[in-house]
Amino acid sequence: MLEIRNLHARISEGREILKGVDLAVKAGEVHAIMGPNGSGKSTLAGVLSGKPGYEVTAGEVLYRGRDLLAMPADERAREGVFLAFQYPVEIPGVNNMYFLRAALNAVRKQRGESEMDAGQFLKIVRAKLKLLEIGDDLLQRGVNVGFSGGEKKRNEVFQMAMLEPKLAILDETDSGLDIDALQTVARGINALRGPERAIVMITHYQRLLNYVVPDRVHVLSGGRIVKSGDKDLALELERTGYGAYGDAA
Amino acid sequence: MTDAATARNLAPLREGYKYGFVSDIESESAPPGLTEDTIRFIAAKKHEPDWLLAWRLESFRHWQTMESPRWAKLRIAPIDYQAATYYSAPKRQNAPRSLDEVDPELLKTYEKLGIPLNERAALAGVAVDAVFDSVSVATTFQKTLAKLGIIFCSFGEAVRTHPDLVRKYLGSVVPQGDNFFAALNSAVFSDGSFAYIPPGVRCPMELSTYFRINAAKSGQFERTLLIADKGAYVSYLEGCTAPQRDENQLHAAVVELVALEGAEIKYSTVQNWYPGDAEGRGGIYNFVTKRGACRGARAKISWTQVETGSAITWKYPSCILEGDHSVGEFYSVAITNNFQQADTGTKMIHIGRNTRSTIISKGISAGKGQNTYRGLVRIQPKAENARNYTQCDSLLIGDQCGAHTVPYIAARNPTARIEHEATTSKISDEQMFYCQQRGLSKEDALSLIVNGFCKDVLKELPMEFAVEAQKLLAVSLEGSVG
Chain A
25 MLEIRNLHAR ISEGREILKG VDLAVKAGEV HAIMGPNGSG KSTLAGVLSG KPGYEVTAGE
85 VLYRGRDLLA MPADERAREG VFLAFQYPVE IPGVNNMYFL RAALNAVRKQ RGESEMDAGQ
145 FLKIVRAKLK LLEIGDDLLQ RGVNVGFSGG EKKRNEVFQM AMLEPKLAIL DETDSGLDID
205 ALQTVARGIN ALRGPERAIV MITHYQRLLN YVVPDRVHVL SGGRIVKSGD KDLALELERT
265 GYGAYGDAA
Chain B
475 MTDAATARNL APLREGYKYG FVSDIESESA PPGLTEDTIR FIAAKKHEPD WLLAWRLESF
535 RHWQTMESPR WAKLRIAPID YQAATYYSAP KRQNAPRSLD EVDPELLKTY EKLGIPLNER
595 AALAGVAVDA VFDSVSVATT FQKTLAKLGI IFCSFGEAVR THPDLVRKYL GSVVPQGDNF
655 FAALNSAVFS DGSFAYIPPG VRCPMELSTY FRINAAKSGQ FERTLLIADK GAYVSYLEGC
715 TAPQRDENQL HAAVVELVAL EGAEIKYSTV QNWYPGDAEG RGGIYNFVTK RGACRGARAK
775 ISWTQVETGS AITWKYPSCI LEGDHSVGEF YSVAITNNFQ QADTGTKMIH IGRNTRSTII
835 SKGISAGKGQ NTYRGLVRIQ PKAENARNYT QCDSLLIGDQ CGAHTVPYIA ARNPTARIEH
895 EATTSKISDE QMFYCQQRGL SKEDALSLIV NGFCKDVLKE LPMEFAVEAQ KLLAVSLEGS
955 VG
């Protein structure tokens with residue numbers, strides 16, 4: 025599904041942040057990428073999703089056999105790459121529901137499927153809303169406008185559930201959530217696990233991994249993946265901290 | 475932005491104004507220049523009665539004493555009024571009684587503009603009084619309307635068939651000497667639309683006019699007069715497109731609305747005149763005086779405008795709230811891209827008691843565009859319990875454009891309640907990326923954000939117009955996000 029080889033990237037005109045990342049994620053797998061602040065986690069998410077402001081200086085990324093880095097951000101999204109934002113942005117005046125339907129139809133068009141009519145759309149929306157315990161009123165508000173931190177994160181996972189991506193990257197989706205919200209979000213993510221889908225969870229803490237049990241855990245430090253293991257690695261990190269893996273900065 | 479990126483972004487704009495073509499129809503024009511003889515020529519061509527000629531000449535003499543206003547935030551090259559042509563009419567046009575008699579070239583022009591007159595009229599239930607250059611060429615649905623006593627025709631025809639109504643109301647809202655451009659229009663106006671809705675009648679369809687400027691160097695001086703008698707209702711649509719020209723074209727229209735007791739007039743405009751090229755050459759100069767008077771109790775006038783075209787827009791659709799409990803509304807979206815300049819807003823003059831007004835203005839600036847909201851809310855001494863709510867929002871795209879808000883508030887009655895809210899925001903890279911990460915193209919993302927910004931205004935437009943307006947917003951801003 026995703027193959028990252030010797031990826032080097034820097035902030036445009038700035039210092040190098042990723043210094044040779046290697047990572048392979050197969051369909052059906054859930055990977056967790058953990059690491060201290062400043063280790064390059066968000067940069068990795070940004071580079072994979074095509075966020076402006078980063079420059080890849082070396083290496084390559086293959087997504088389902090294609091050169092991911094050659095694709096514009098919107099094409100990546102339509103091809104099934106989804107990023108759950110750490111800080112979802114507000115878009116005043118654009119109805120959340122309208123936005124979601126526009127996004128869904130863009131993705132469906134790429135998949136060669138017909139546009140979804142309002143009735144069908146609503147039916148699926150209702151089911152997913154229930155899963156994530158989101159109230160109807162959230163749909164009628166502007167995209168992320170006036171949402172609480174928890175609502176924004178749940179809305180991200182809700183969008184992911186609607187768009188059914190092939191590769192989902194979750195950038196610190198667990199941060200700022202209380203325990204109930206964390207469980208709800210985890211339920212949403214688990215519902216998406218499937219043989220056709222790969223999920224990459226970027227997280228600071230181990231606690232999300234209690235609810236979404238990963239197949240692989242990687243430690244990103246100083247712009248490189250310095251250790252990989254199974255779910256027990258996360259528990260070990262929780263005990264020992266990141267200190268053992270060198271100074272991140 | 476690098477030069478290469480700029481070139482790439484401007485590429486869609488260079489593809490040119492979609493409606494930039496010139497129809498091959500022989501014009502019968504007045505020689506360029508403006509003297510009393512020009513005005514006599516126009517009046518003679520149109521077989522106008524003496525009283526109207528006298529009215530025109532009076533306006534002209536007034537105009538000669540006036541100067542072009544300088545208070546707007548607009549940079550305008552001097553206009554040579556003697557170089558313009560003040561009358562041009564399609565030649566073979568000889569009072570067509572039906573669409574079949576209309577010059578096929580003319581009809582083709584409308585086709586290109588996406589206005590299949592006959593179909594549109596039939597399908598959309600819209601009666602179209604199409605103005606081509608200076609003479610109205612087709613009026614549809616007149617019979618249906620006539621059954622209800624509604625008069626809807628070209629201005630010239632109204633002068634012939636309903637002189638009393640025209641004489642009674644012409645200049646009653648916008649006096650001849652109101653301002654420089656209104657005076658010019660009063661002297662040389664060519665044609666336009668006229669509508670009268672009798673007491674208690676609700677006009678069953680949207681009345682509409684499509685304006686177009688065509689013949690080279692011909693100024694366009696429309697005159698529109700709408701009267702809604704007691705308890706009547708009418709919704710009027712005005713849409714504009716113009717062909718591409720290198721030279722700036724002058725447009726100075728006057729629109730007068732009269733709403734009597736309990737009447738309501740809804741006037742919607744989508745303006746898409748040629749804005750000039752990416753370097754700021756060419757484009758229409760649009761100096762318009764639009765004003766409505768609520769002459770009786772509980773009368774209501776509502777202006778909605780989407781202004782995307784023209785090199786220069788100078789326009790302040792206003793409401794004079796004379797009747798007690800009368801209501802004025804102004805909803806506006808104005809876009810300036812490239813080198814476009816807009817100075818637009820409204821005036822709400824509260825005279826009667828318990829009068830209310832609402833102003834919602836959305837200005838969008840992109841490229842090197844300059845966008846000014848200029849509005850006046852005046853509460854006269856006898857206007858007890860007058861209320862106004864004003865909201866002015868500006869959206870900036872890029873870092874070379876400008877947005878300006880100039881509200882004037884004059885309250886001369888202590889019971890007045892006036893609210894003014896204003897915001898300025900910028901489309902952020904984060905918003906664009908968020909939309910793109912959900913699969914929307916750059917163009918769709920921009921269109922989505924801009925339409926969200928304009929929603930409060932667009933929802934005031936009649937349905938079919940709203941769809942057109944949304945597309946227009948997207949087209950007008952193409953290439954403005956890097």
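Top to bottom, those sequences are chains A and B. Numbers in the working numbering are just positions in the first sequence, counted from 1, shifted up by 24. Numbers in the working numbering are just positions in the second sequence, counted from 1, shifted up by 474. For each residue, glycine too, the CB sits at the ideal point set by N, CA and C. These figures come from a predicted structure and were not determined experimentally.
Taking all protein chains in view, the Cβ of B/Trp545 is surrounded by fewer than 16 other Cβ atoms within 10 Å, so the residue is classified as exposed. Here DSSP, grouped into helix, strand and coil, assigns B/Leu951 to coil. Under the three-state reduction of DSSP, B/Trp777 is assigned to strand.
Along the region 856-882 of chain B, the beta strand (DSSP E) occurs as fully enclosed runs of 3 or more residues at 861-870, listed in sequence order. Within the same chain, Val647, Val648 and Ser792 come within 6 Å of B/Arg765 by CB-CB distance, once the 5 residues on both sides are set aside.
Excluding the 5 residues flanking it on each side, A/Arg29 has same chain C-beta neighbours closer than 7 Å at Asp46, Gly83 and Glu84, in chain order. Contact between A/Asp254 and A/Val236 is absent: CB atoms are separated by about 14 Å, not below the 8 Å threshold. Close to A/Gly89, with beta-carbon spacing below 7 Å, lies no residue of chain B; the smallest spacing is near 20 Å.
The C-beta distance from B/Leu922 to B/Ala840 rounds to 16 Å, too long to meet the 8 Å contact threshold. The C-alpha of A/Gly159 is placed about 21 Å away from the C-alpha of A/Glu188. For A/Gln207, no beta strand (DSSP E) encloses it; the enclosing alpha helix (DSSP H) starts and ends at Ile203 to Leu216. In the three-state reduction of the DSSP assignment, B/His521 falls in the coil class, being assigned neither a helical nor a strand state.
For A/Ser66, not one C-beta of chain B is nearer than 8 Å to its own C-beta. At least one beta carbon of chain B lies nearer than 8 Å to the beta carbon of A/Gly117. Going by C-alpha positions, B/Ile775 is about 15 Å away from B/Asn828. Residue pairing by DSSP places B/Ile834 opposite B/Tyr805 and B/Gln865 in a beta bridge.
Contact annotation: B/Ala733 and B/Glu781 have beta-carbon atoms that are not nearer than 8 Å. Collapsing the DSSP output to three states places B/Ile758 in a strand. Rounded to the nearest angstrom, the Cβ distance from B/Leu869 to B/Ile823 is 29 Å, too far for a contact under 8 Å. The DSSP-derived three-state label of A/Lys190 is coil. Taking the Cα of B/Ala661 as reference, the smallest distance to any Cα among B/Thr818, B/Ala517, B/Asn887 and B/Cys875 is reached at B/Ala517. Sequence-ordered contacts of the region 890-907 of chain B with chain A read Ser899, Ser902, Asp903, Glu904, Gln905, Met906 and Phe907 [C-beta pairs closer than 9 Å]. With its beta carbon less than 8 Å from one in chain A, B/Ile923 belongs to the interface.
With the rule of 3 Cβ pairs closer than 8 Å, the region 86-93 of chain A does not count as touching the region 890-901 of chain B. The DSSP-derived three-state label of B/His894 is strand. DSSP, reduced to helix, strand and coil, places A/Ser138 outside both helices and strands of the structure shown, so it counts as coil. Contact annotation: in the region 72-86 of chain A, residues whose CB is within less than 9 Å of a CB in chain B are Ser73, Gly74, Lys75, Pro76 and Gly77. Around A/Gln183, the beta-carbon contacts reaching into chain B at under 9 Å are Arg912. Residue A/Val167 holds the alpha-carbon nearest to the alpha-carbon of A/Tyr111 among A/Tyr78, A/Ala222 and A/Val167. Of the residues B/Gly826, B/Gln745, B/Ile625 and B/Leu946, the one whose Cα lies closest to the Cα of B/Trp788 is B/Gln745. In this structure, the alpha-carbon of A/Ile203 lies about 11 Å from that of A/Asn234. Interface with chain B (8 Å Cβ-Cβ cutoff): A/Ala33 is excluded. According to DSSP, residue pairing for B/Asp817 in a beta bridge involves B/Trp788 and B/Thr846. Looking only at B/Asp867, B/Ile838, B/Thr846 and B/Glu735, the smallest Cα-Cα distance to B/Gly826 is reached by B/Glu735.
DSSP places A/Arg221 in the coil class of the three-state scheme, outside both helix and strand. For B/Ser915, a Cβ of chain A is located within less than 8 Å of the residue's own Cβ.
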